[in-house]
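Residue numbers (this note's numbering): -17 to 382.
Cβ atoms here follow ideal geometry from the backbone N, Cα and C, with glycine treated the same way.
The structure presented is a predicted model; accordingly, all values stated were derived computationally and were not measured.
What follows is a single structure, written as structure tokens, with notes after it.
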Amino acid sequence: MKSQDINICKKVVLAPMVGGSELAFRTMIRRYGVRHCYSPMLRATEVVKAYQILRDFRANEVGAIDLDSDPFKRVSHEDGILLLTDICGKNLFKTGEGTHAQSSTNEGILTVQLCGCCPETLYSATQILMELQRTENIQLYGLDLNLGCPQKCAQDGCFGAFLAENHPELALQCITAMRCAIDSFEDTYTSSSSSSISLSGFDLPRLSCKIRLLETDEETISFAKNLQMAGCDILALHCRRRIDKHNGKPDLNAGNKVVNAVSIPVIINGSEVDNLDGVVRTLEKTGAHSVMIARAFLRNPQLLVEKDPDPAFLAAEYLDYCEKYPPPSALYIQKHLRWIFRKYLQPEKKEGKNDYDYNDWRVRLWTFLVRPYLKTVYQFRQVVTLYVKLNESTLPESLK
């Protein structure tokens, strides 16, 4: 990779994705030039619950965490499991397939995204993550509040874009609470330590939030300025509105207006980027500090270095990382493989019809990928091997 391309890669950020930006995928993405990654969204309430269980365990034992036995069976929510095995990745933990060593010591720049609408809970979750940074050696670059999720779960839980639109004052209170948690943790730690602004060798995390465009540019700019005043160090902006979700063209002109209106770095999300040239165009059009990429990375984790890689090789490599850093469930693997193979297997949807041609092996393999009995890395490797055989292409080394 040319030095100029390396500098551009430093401007690329992996977006937070539920079921998509877990440790295995982050590790793979980093191999191809990405430095800054966001974790999947974690509910603040589940962070607090899981930490209490972890603290009780650490008070009595040191060593491997067995998620299949007490006390960790009480961590029933996936977000709690993510906290223990994905964010606190240096712990040894056991799964049904044996003992795996998770290591986040080389993770690079990581921002953990939280969601919620209770300032007190977000305050607690922020302090917990900072304590874990100190005790579990997490390389925590930043903490982010999700103010942009447009999905129904966000509407039901009053977080994400629904919190920003319907309760903007409460959203600002949440950011203020997280800011206070960071600042008060620094005061508490430095008052009893010779360290000045560093925790276990790491700087204090940057506070950010990820938002979407509001109904008008003026509303978006006003909200962005208020978030900055409330204590945000970084702003991530998806250049679509909540009702658009991921559809339609992003409004990069509105993104440029926000960039020019605030004095903190802005990361632009939602731009249609599928290579380094797209990153450059977005940076030039918006004046943003960085570009955040989500779905394009799901389709092609190598997009910064390779335009059209063999999907079987992508899938095989991702499965190798899953073996080393097991995701919380097989649903993560299914999601990634469906994105990697989407261009090659997904049948064309006929308007008003669901009848696909199941004589086509591609259609059958596409629907087979979501079968609930696919659970293990070994099984998914067999699926990839089947694709290679039917497609009459080259078998990746790790599948031989």
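Nearest-angstrom Cα separation, counted from E330 out to V30: 44 Å
CA-to-CA distance, L36 to N42, given in whole angstroms: 10 Å
Test item: CB-CB of I250 and G237 under 7 Å: yes
Under the three-state DSSP convention, the category P22 falls into: The answer is coil: DSSP assigns P22 none of H, G, I, E or B.
Residue environment, E118, which counts as buried when at least 16 other CB atoms sit within 10 Å: buried
Cβ-Cβ separation, T67 to P310 (assumed contact under 8 Å), whole Å: 7 Å
Span separating the alpha-carbon of P101 from that of P150: 13 Å
Classification of F295 by the beta-carbon crowding that lies within 10 angstroms, buried from 16 upward: buried
Straight-line gap, A26 to I157 (C-alpha atoms, nearest Å): 13 Å
7 Å Cβ cutoff met for V240 and A206: yes
Beta-carbon proximity of N216 to L186, cut-off 7 Å: In the sequence under discussion, the amino acid at residue 216 is Ile, which differs from the Asn named in the question. Contact flag unset, no.
Strand pairing of S272, partner residues [DSSP]: I249
Member of C97, E4, A218 and M274 whose CA lies at the smallest distance from the CA of P247: A218
DSSP state of N208 mapped onto helix, strand, coil: DSSP, reduced to helix, strand and coil, places N208 within a helical segment of the structure shown.
T362 versus G98 - alpha carbon distance: Looking at the sequence itself, residue 362 is Phe, so the reference to Thr does not match. So the alpha carbons of these two residues sit roughly 34 Å apart.
Three-way DSSP call (helix, strand, coil) for L195 in this model: Strand at L195.
Span separating the alpha-carbon of S86 from that of C70: Model confidence at S86 stands at a pLDDT of 45, short of 50, so the residue's coordinates are unreliable and nothing is read from them.
Other residues of its chain near N208: CB distance less than 7 Å, five sequence neighbours each side excluded: L154
For F362, the three-state DSSP class (helix, strand or coil): helix
Ordered list of alpha helix (DSSP H) runs contained in the stretch 108 to 173, each at least 4 residues: 134 to 139, 143 to 148 and 150 to 173
Selection from N282, V261, S190 and M10 that minimises the alpha carbon distance to V94: S190
For D292, the three-state DSSP class (helix, strand or coil): coil
Whole-angstrom distance between V244 and N235, CA atom to CA atom: Each residue's alpha carbon lies about 15 Å from the other.
With 16 other Cβ atoms within 10 Å as the buried cut-off, status of S253: buried
Run of the beta strand (DSSP E) containing H220, from where it starts to where it stops: I216 to R223
Through-space distance from R17 to V287, alpha-carbon basis: 14 Å
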